[in-house]
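What follows is a short report on a single structure.
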Amino acid sequence: MLNLAIVLEDSAQKYPDRTALVHGDIRMPYSMLDGLAGQVANLLVERGVRPGDKIALACPNLPYFPIVYFGALKAGAVVVPVNVLSQSQELAYYLDDAEAKAFFCFEGTPELPLGERGKEAFDAAPGTEHFFVLPGAALATESSIEGAQTLWAALEGVSDRFESVQTAADDTAVILYTSGTTGRPKGAELSHQNMLMNAMVNDELVPGYDGEDSTMAVLPLFHSFGQSSIMNAALRRGAKLVLMPRFEPVEALKLMRDEHVTLFAGVPTMYWALLSAVRAGGLEVPSSLRSAVSGGSAAPMEVLKEFRELFGVEILEGYGLSETAPTASFNQLHRPTKPGSIGFPVWGVQMKLVDGDWNTVEGEGPGEIAIRGHNVMKGYYKRPEATAEVMRDGWFRTGDIARRDDEGYYFIVDRAKDLIIRGGYNVYPREVEEVLIAHPSVSLAAVVGVQHDTHGEEVAAFVVAEEGTEPTEQELIDHCREQLAAFKYPRSVEFRDALPMNATGKILKRELK
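The numbering of the sequence shown is our numbering, which starts it at 193 and goes up by one.
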């Protein structure tokens with residue numbers, strides 16, 4: 193037997209009175225979180241859910257998420273977390289594609305009417321039998337969604353005692369839908385072993401502090417990074433998980449101080465926002481912070497340097513994907529950190545560079561990263577052809593281009609799909625972005641390839657200027673021209689107040705294109 197729910201159950205047994213979750217005025221001990229998850233498991237069984245059935249969950253970083261997540265796992269069901277920013281037709285697609293039997297959906301807010309979208313999706317997905325609303329008001333038994341039952345109404349009188357269903361290590365625990373940048377989203381099937389091993393590995397990558405651990409959860413829990421590397425790893429450790437549904441840098445800094453946060457994990461744009469908030473408002477840097485982790489995309493060198501100087505903490509960069517549960521490599525504490533590197537493969541994981549024909553690339557590369565280990569998904573749900581395109585002999589090819597130095601450290605060059613081919617020459621946007629961000633008047637930059645009649649593609653940059661500065665397009669073009677080969681520097685620079693980002697803080701280059 194191996195059930196991912198053990199990460200909660202074991203800590204609830206060891207530390208029943210220790211605080212598991214903090215959100216607003218809510219301070220929930222481990223025993224209560226485990227008991228509520230037990231109620232959800234009993235509810236699902238009463239409603240006819242059987243082991244292997246799919247349970248969809250649309251919820252921001254609120255206590256509801258782990259309650260439903262672990263309740264479904266206890267019942268032997270498969271959790272299907274979905275993006276809370278999805279429109280009703282996208283939610284309906286997830287329900288239909290995953291063959292979800294039940295759908296738990298946050299009621300939402302006037303700005304984010306998620307519950308209404310969820311009900312529309314439920315009505316459009318005849319295979320989904322049950323719809324439960326996670327109310328915005330604490331313990332509300334009535335829903336603003338017509339004809340919908342709230343979680344608390346459904347749980348009334350339901351026992352909190354539940355013996356978790358036996359599941360095999362290779363049984364599917366979670367289906368995570370990829371962003372779908374190259375077509376309709378695909379569901380990556382991750383087993384109990386995939387998820388549990390990744391939580392254990394992530395937990396051991398950062399030091400513990402004798403029961404004083406406090407982990408900030410600002411990354412969406414429906415995303416693999418926030419779910420496995422943050423929530424599951426923290427609960428396995430018995431840490432306090434500080435939930436933040438929407439990242440706001442000033443509020444995040446306040447929470448970090450008030451809750452004595454020791455570990456913060458985010459994507460590079462979040463670190464950029466924290467630095468900007470401290471610089472702009474003269475805010476106090478939280479003294480409790482001892483570990484900082486970054487993933488999702490490569491962090492600019494300037495951000496790494498300034499965070500170390502201002503916060504006194506080294507940002508440790510890691511790397512992974514939804515298909516790898518997610519962590520595949522990390523800058524590990526027992527080895528020197530190299531800024532800009534994603535480090536080495538984590539325990540039990542192998543990485544190599546391959547070319548377009550799966551041939552191993554020796555030496556520095558560059559080449560496409562391929563991964564093999566306990567973290568690699570079973571495949572894409574109901575998509576054997578798509579699975580075969582990216583998996584061979586246990587290896588998963590990522591679509592990310594990297595190089596490797598003579599000490600074995602890996603460095604992301606760029607996404608294969610973001611590669612710009614200008615006049616037959618390869619241009620990696622990250623290299624150009626690093627040069628731009630090093631300019632004192634540039635706060636944030638993104639580089640994309642745009643169609644060109646004679647060169648095939650041309651290099652175009654989008655820039656957010658530092659507050660109080662007014663750089664010109666020609667000034668930044670000349671800056672890049674001085675430091676880059678003639679085929680690499682941008683021929684156009686467009687200034688923006690902000691760059692488009694997804695829910696995890698990744699810059700949406702397809703929108704810029």
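The beta carbon of each residue, even a glycine, is placed where N, CA and C say it ideally should be. Predicted model only: the values in this text are computed from it and were never measured.
Roughly how many angstroms lie between the CA atoms of residue i and residue j, to the nearest whole one?
i      : j      : result
GLU509 : PHE603 : 10 Å
TYR256 : VAL434 : 13 Å
LEU481 : ALA472 : 20 Å
THR373 : PRO208 : Low confidence applies to THR373: its pLDDT is 45, below 50, so where it sits in the model is not reliable, and the reading given next is rough at best. Roughly 43 Å between the two C-alpha positions.
VAL410 : GLU440 : 9 Å
GLN341 : LYS311 : 11 Å
TYR286 : PHE298 : 16 Å
ALA380 : ASN390 : 15 Å
VAL656 : SER635 : 6 Å
VAL366 : LEU413 : 12 Å
ASP606 : ASP402 : 39 Å
PRO576 : ASP547 : 22 Å
TRP587 : GLY512 : 14 Å
LEU196 : PRO302 : 35 Å
GLU498 : ALA490 : 15 Å
MET448 : PRO478 : 6 Å
TYR573 : LEU466 : 38 Å
LEU427 : TYR601 : 30 Å
VAL553 : VAL568 : 21 Å
ARG595 : GLN281 : 40 Å
GLY418 : PRO492 : 21 Å
HIS322 : GLN675 : 59 Å
SER684 : ASP610 : 17 Å
GLU476 : GLY487 : 25 Å
GLN542 : GLU494 : 30 Å
ASP597 : GLU623 : 17 Å
LEU700 : GLU348 : 43 Å
HIS415 : ILE218 : 23 Å
GLY227 : ALA457 : 28 Å
GLU686 : GLU665 : 7 Å
ARG429 : GLY474 : 34 Å
LEU249 : ALA346 : 16 Å
PHE536 : THR370 : 24 Å
TRP550 : THR516 : 18 Å
GLU581 : LEU502 : 45 Å
Can you tell me whether DSSP reads residue i as helix, strand or coil?
i      : result
TYR286 : helix
ALA484 : strand
ALA365 : strand
THR374 : Annotation note: pLDDT 49 at THR374 (below 50); position unreliable, coordinate value reported separately. Looking at THR374 - three-state DSSP - the assignment turns out to be coil, as it is neither helix nor strand.
MET423 : helix
ARG353 : coil
GLN524 : coil
HIS644 : strand
VAL459 : coil
TRP539 : coil
THR529 : coil
HIS384 : helix
GLY310 : helix
SER635 : strand
PHE414 : coil
VAL260 : helix
ARG429 : helix
LYS544 : strand
Nearest chain B C-beta to residue i closer than 8 Å, yes or no?
i      : result
ASP592 : Considering every chain present, this structure includes no chain B. It has just one protein chain.
Since I believe residue j is in contact with residue i (beta carbons under 8 Å), could you give me their beta-carbon distance rounded to a whole number of angstroms?
i      : j      : result
VAL272 : ALA290 : 5 Å
ALA630 : ARG589 : Not quite, the Cβ-Cβ distance comes to about 32 Å (not below 8 Å), so this is no contact.
GLY307 : SER336 : 7 Å
PRO682 : VAL639 : 6 Å
Would you check if the distance between the CB atom of residue i and the CB atom of residue j is smaller than 8 Å?
i      : j      : result
ILE534 : SER521 : yes
ALA484 : VAL459 : no
PRO183 : LEU225 : Since the first residue shown for the chain is 193 and the last is 705, residue 183 is missing from the structure and cannot be characterised.
ILE593 : GLU560 : yes
LEU343 : PHE296 : yes
VAL393 : VAL538 : yes
THR211 : LYS446 : no
ARG702 : GLY648 : no
GLN385 : HIS566 : yes
SER406 : THR461 : no
LEU496 : ILE507 : yes
PRO518 : SER383 : no
ALA360 : LEU194 : yes
ALA294 : GLY263 : no
Can you confirm whether the segment 345 to 357 touches the segment 235 to 249 when touching is taken to mean that 3 or more C-beta pairs between the two stretches lie within less than 8 Å? yes
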